[in-house]
Structures are given as C-alpha cells and as structure tokens.
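One structure below.
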Amino acid sequence: MSTKKTSCDSSQLPKNDKNVIRLLTVKLRKELKNPQGLLIEGPFEKTMNSLKELIEKEKPSIIISVGDIVTQNMIDFGLFMNVIIIDNKTMRKPIQPIKMTTDHTIYAKNPPGSITEESWAAIRWAFKQDGQTKVVIEGEEDLLALVTVLSAPEDALVVYGQPNIGIVVVKVDEKARKKMENIVYSMKETSKS
1 MSTKKTSCDS SQLPKNDKNV IRLLTVKLRK ELKNPQGLLI EGPFEKTMNS
51 LKELIEKEKP SIIISVGDIV TQNMIDFGLF MNVIIIDNKT MRKPIQPIKM
101 TTDHTIYAKN PPGSITEESW AAIRWAFKQD GQTKVVIEGE EDLLALVTVL
151 SAPEDALVVY GQPNIGIVVV KVDEKARKKM ENIVYSMKET SKS
C-alpha cells in the first residue's frame, strides 16, 4: 500500500482521440429512476447494517461508493471503501465536503446529466492506484455509477444512493457490465469542442 499522498487533476490523465460526452436522454432518465442493482430500502442504520452483512457475505474485491450521502453514511458506519466518487452536493445543492483523508485524490469535470470522457478516465485512473482514492467531480456524479461498474474489477461492489428510498448495490460481473454498457451506449453522444 502506498504511503505517498498524490493529488492530480484531469489534465494529467492520458488523452483520448476525442473528448466524448454522453448525454442523458428523456427515455433513459425515466429508466434510471429505477434501481440498477439490489435496492436496500430504509433509513441509515437499516441500510448500513444490510450493506455490512452483504459485504461480509460477498467478500468483494473492492468497494466503491458513488455519491456524497451514501459515502458519508458508510464512513459514519465504519465501512471501508477503496474508491469514493463525490461532487460535494446532494440533490444538486452544495453540502459540506466529506472530511476523509485518502492516499490519492483526482479532480474531474462532469456536467449534470452527462458522462464525460474526462470523468470516466478519472475513474479508470482511480482503480489503478494502490490505497484509497477519492474522485472529486466538479459538476455532478449521479450518472457515474454506470461507468464505474464498467471500469471496476470483477466482484467489486458499487454502492450508490436512491434518494428518499435507500441505497443500491451492484455486484460487478459480466451481466452487470452488459446492462450498464447498454445504458451508456444508448446515451446521446457528442464531442466537446
């Protein structure tokens, strides 16, 4: 495990041939209101107890949280995450940044309702690091659970919040990747100028 702390921004990531942005369509917006994995309903303590039991049962390769509230709840409950993806907002309103020291931090931009190549590259970078990594998004991280599942190692658990309901847990396997891939590649594609 690395003891050296690193912090970088997306300008230090390898560049792709085109800077693709995928935009959420009206049809997909409706589909994504439904949980894309195992829904654990209930208040904080119930969802965190259920998540802890699931982690003990599944023994995931790594654990990733996507979203500020679910990340803070996992920290408060003493659950370890290898990668956290946050935007310092909840329901698009600014909140106090999560106070969590990690081995690595990377910053990337991702406008609301989109997935940028920059943010996806930052997530891929996070999975290559030793130690705990924080991905801080300028914009919105809501759709990044999709590409997190596509990029995470086999048997990882991706946890994200389902507002006013509970949390959603996705075990990364071929079936989950295929489902997320279908959604991501159904999004409207454009290039940043």
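With full-length UniProt numbering applied, the sequence shown corresponds to residues 1 to 193, in that order. Note that the Cβ used here is the ideal one computed from N, Cα and C, for glycine as well.
Kindly indicate which three-state DSSP category residue i falls into: helix, strand or coil?
i    : result
L39  : strand
A156 : coil
L23  : strand
S114 : strand
I95  : coil
E138 : strand
K89  : strand
Looking only at its own chain, which residues have a Cβ that is under 8 Å from the Cβ of residue i, when we skip the five neighbours before and after it?
i    : result
S151 : W120, I123, R124, F127
E181 : L150
Could you tell me if residue i is buried or exposed, where buried requires 16 or more neighbouring beta carbons within 10 angstroms of its beta carbon?
i    : result
R22  : buried
G37  : buried
V170 : buried
E31  : exposed
Which residue from the options puts its Cα closest to that of residue i?
i    : options              : result
V136 : T47, E58, V66        : V66
L157 : I106, T71, I64, R177 : I64
Excluding sequence positions up to five away, which residues of its chain have a Cβ less than 7 Å from the Cβ of residue i?
i   : result
P97 : N88
Within a Cβ cutoff of 6 Å, which residues of the same chain sit near residue i, ignoring the five residues on either side of it in sequence?
i    : result
T116 : I21, N110
S114 : I21, L23
T25  : K188
Contact check, residue i vs residue j under 8 Å by CB: the rounded distance?
i    : j   : result
K134 : I84 : 5 Å
P112 : R92 : 7 Å
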